[in-house]
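A short worksheet on the structure shown next.
Residue numbers (the working numbering), protein chains in the order written: chain A, 1 to 138; chain B, 139 to 263.
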């Protein structure tokens with residue numbers, strides 16, 4: 001009886017390696033490249049909201065919501081966020097002493113983002129409130 | 139019984155090369171992460187500097203001093219080079235700007251990452 005024929009097993013690893021890279025390594029690289037951007041954008045939204053709220057409190061009672069929005073957009077632009085990825089809402093400019101100024105900055109987060117290319121998105125909203133001083137002069 | 143002579147399966151060279159490429163990719167990813175950290179650190183330093191100049195009596199020099207302190211404390215290493223760091227007053231805003239170069243771990247494969255970063259804050263009246 002003839003011995004069973006053994007198929008070539010010359011150990012060509014390239015196919016396995018390409019498969020491993022495609023299935024394991026690339027998703028990790030994409031994830032690793034995307035997650036820091038989430039942290040950066042989260043921080044940028046917080047800083048933008050904080051600055052806008054500070055400007056409103058500083059200029060109270062003449063605080064202008066539009067100028068606060070501009071400030072938030074400037075700060076976000078400094079952090080590399082495009083205006084189209086940003087939504088700034090001034091919920092309250094503080095009507096009286098002791099009121100709270102409230103600014104919301106919503107930033108678009110890429111679900112996957114590598115070197116300017118992105119796919120899908122989700123949103124993060126940073127909310128900052130600052131109290132108008134109880135004894136603030138007008 | 140005839141011994142099969144095609145069962146070589148000796149993949150050491152390919153394995154070593156493939157592993158080397160994979161590890162190289164990992165190192166490049168690590169390089170990217172460190173660069174992103176350093177970019178964030180410089181941005182934070184510029185933010186801190188700009189905020190240091192917010193009080194009505196503060197000057198642009200206070201901004202520069204504070205920004206340099208923060209850079210020294212959180213991003214002081216051989217992998218980052220701060221070419222210029224300055225603060226200027228533009229109207230009622232203080233704008234801090236830095237030109238930095240993030241060194242590549244493999245200059246043959248990837249060049250250094252040069253960038254200009256900026257932060258601003260409105261001064262109190």
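Ideal Cβ positions, reconstructed from N, Cα and C, are used throughout, including at glycine. Here the structure is a predicted model, which means the values were calculated and not measured.
With a 10 Å radius around its C-beta and 16 neighbouring C-beta atoms as the bar for buried, classify residue i as buried or exposed.
i             : result
residue 48/A  : buried
residue 263/B : exposed
residue 117/A : exposed
residue 199/B : exposed
residue 234/B : buried
residue 138/A : exposed
residue 40/A  : buried
residue 71/A  : buried
residue 276/B : No information on residue 276/B is available, as it lies outside the stretch 139 to 263 that chain B covers here.
residue 68/A  : buried
Please report the straight-line C-alpha distance between residue i and residue j, rounded to a whole angstrom.
i             : j             : result
residue 42/A  : residue 255/B : 18 Å
residue 195/B : residue 87/A  : 33 Å
residue 105/A : residue 14/A  : 48 Å
residue 76/A  : residue 85/A  : 10 Å
residue 91/A  : residue 260/B : 21 Å
residue 119/A : residue 111/A : 6 Å
residue 226/B : residue 99/A  : 34 Å
residue 51/A  : residue 31/A  : 31 Å
residue 78/A  : residue 222/B : 17 Å
residue 121/A : residue 62/A  : 37 Å
residue 134/A : residue 114/A : 47 Å
residue 34/A  : residue 237/B : 24 Å
residue 93/A  : residue 56/A  : 7 Å
residue 126/A : residue 157/B : 43 Å
residue 217/B : residue 242/B : 8 Å
residue 189/A : residue 228/B : This structure cannot speak to residue 189/A, because chain A is shown only from 1 to 138.
residue 80/A  : residue 152/B : 42 Å
residue 181/B : residue 174/B : 11 Å
residue 205/B : residue 165/B : 30 Å
residue 46/A  : residue 248/B : 33 Å
residue 246/B : residue 66/A  : 49 Å
Between the Cα of residue i and those of the options, spot the shortest distance and give me the residue it belongs to.
i             : options                    : result
residue 209/B : 178/B, 249/B, 241/B        : 178/B
residue 250/B : 239/B, 235/B, 174/B        : 239/B
residue 211/B : 257/B, 170/B, 176/B        : 176/B
residue 102/A : 54/A, 137/A, 19/A          : 54/A
residue 131/A : 70/A, 82/A, 59/A, 21/A     : 59/A
residue 244/B : 150/B, 154/B, 167/B, 155/B : 167/B
residue 187/B : 161/B, 257/B, 201/B        : 201/B
residue 172/B : 213/B, 197/B, 247/B, 160/B : 213/B
residue 36/A  : 109/A, 67/A, 128/A, 136/A  : 109/A
residue 185/B : 69/A, 74/A, 66/A           : 74/A
My understanding is that residue i touches residue j, with C-beta atoms under 8 Å, so please give their C-beta distance in whole angstroms.
i             : j             : result
residue 191/B : residue 220/B : Actually they are not in contact, since the Cβ atoms of residue 191/B and residue 220/B sit about 19 Å apart, beyond 8 Å.
residue 44/A  : residue 128/A : Going by Cβ atoms, the distance from residue 44/A to residue 128/A rounds to 13 Å, so no, they are not a contact pair.
residue 89/A  : residue 136/A : So it is not a contact: roughly 24 Å between Cβ atoms.
residue 25/A  : residue 160/B : 7 Å
Enumerate, from N- to C-terminal direction, the unbroken alpha helix (DSSP H) stretches of 4 or more residues contained entirely within the segment 206-232 of chain B. none
What residue ranges within the segment 50-84 of chain A form continuous alpha helix (DSSP H) runs of no fewer than 4 residues, ordered along the chain? 65-78
Fully enclosed by the segment 235-261 of chain B, which beta strand (DSSP E) runs are 3 residues long or longer? 251-260
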